[in-house]
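Going left to right, the sequence shown walks through residues 26 to 203 as this note's numbering numbers them. Data block below; observations after.
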Amino acid sequence: AIASHIYGLEISDTSSKGFQDAGDWVGILFGVYNAVSAVYAFFLPAIAKKIGRKKTHAYSLIIGGIGLISIFFMPDKNWLIVSMVGVGIAWASILAMPYAILAGSIPARKMGVYMGIFNFFIVLPQILNALIGGPMVKYLYDDKPVMALIVSGVSFVIAALLVAKVDDVDDVVELQKV
26 AIASHIYGLE ISDTSSKGFQ DAGDWVGILF GVYNAVSAVY AFFLPAIAKK
76 IGRKKTHAYS LIIGGIGLIS IFFMPDKNWL IVSMVGVGIA WASILAMPYA
126 ILAGSIPARK MGVYMGIFNF FIVLPQILNA LIGGPMVKYL YDDKPVMALI
176 VSGVSFVIAA LLVAKVDDVD DVVELQKV
């Protein structure tokens, strides 16, 4: 998406110097979002204690969704760092908050089984995307991979709204409301 949308390269151009430069920049962007994720993860417990796990996750997903959508609007490669800050915030939450929410609602003696089942709902969509993501970009998004990032960002925002439907049975903030 970065090679075609930001660098202006054809989607089939995978061997030029420009494509290599784009790939190098994507590596830097991945480093940025992973660094942000690592740092933000330390703040998640404090934020969740203050506003609740569901709101923490929802707000983080919204920020990540905005980050993904903003890639389309960034005027040059350097501005993508701002987008990756949002993605990093969401990534930290995605790796932690669903498990924290789930852990409180399942019996401790079956924790491993339920977490394993829960992981299927992470892995199966990844496998599905690996199988159909390329053809979707080609036929549905007219060879514009940035459109997949926009759809992903919108999906993050929808997921944030759906978090409101989740029961978080042992969240300290939720219990104080009762």
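Idealized CB from N, CA, C, for every residue including glycine.
Classification of Asp168 by the beta-carbon crowding that lies within 10 angstroms, buried from 16 upward: Under this definition Asp168 is an exposed residue.
Terminal residues of the alpha helix (DSSP H) in which Tyr84 lies: Element bounds for Tyr84: 78-95.
Proximal residues to Val197 (C-beta, below 7 Å), its chain only, five neighbours per side dropped: Sequence-distant Cβ neighbours of Val197 in its own chain, meaning closer than 7 Å and more than five residues away, are Lys74.
Chain-order list of residues whose beta-carbon lies under 8 Å from that of Phe143 (same chain, five-residue window excluded): Excluding sequence neighbours, Phe143 sits near Pro123, Tyr124, Leu127.
Extent of the continuous alpha helix (DSSP H) run through Val107: In the DSSP assignment, Val107 falls within the unbroken alpha helix (DSSP H) covering 105-128.
For Pro70, the three-state DSSP class (helix, strand or coil): DSSP places Pro70 in helix when its eight states are reduced to three.
Range covered by the alpha helix (DSSP H) that runs through Gly178: Segment 171-187, the alpha helix (DSSP H) holding Gly178.
Buried or exposed by the 16-neighbour rule on C-beta atoms within 10 Å, applied to Phe145: Around the CB of Phe145, fewer than 16 other CB atoms lie within 10 Å, so the residue is classed as exposed.
Val194 versus Trp104: straight-line alpha-carbon distance, rounded: Near 40 Å, if we compare the C-alpha coordinates of Trp104 and Val194.
Own chain residues within Cβ distance below 6 Å of Tyr139, not counting five before or after: Result list for Tyr139: Ile131, in chain order.
Same chain, Cβ closer than 8 Å to Leu86, neighbours up to 5 away in sequence not counted: The answer, listed in chain order, is Ala115, Ser118, Ile119, Phe181, Val182, Ala184, Ala185, Val188.
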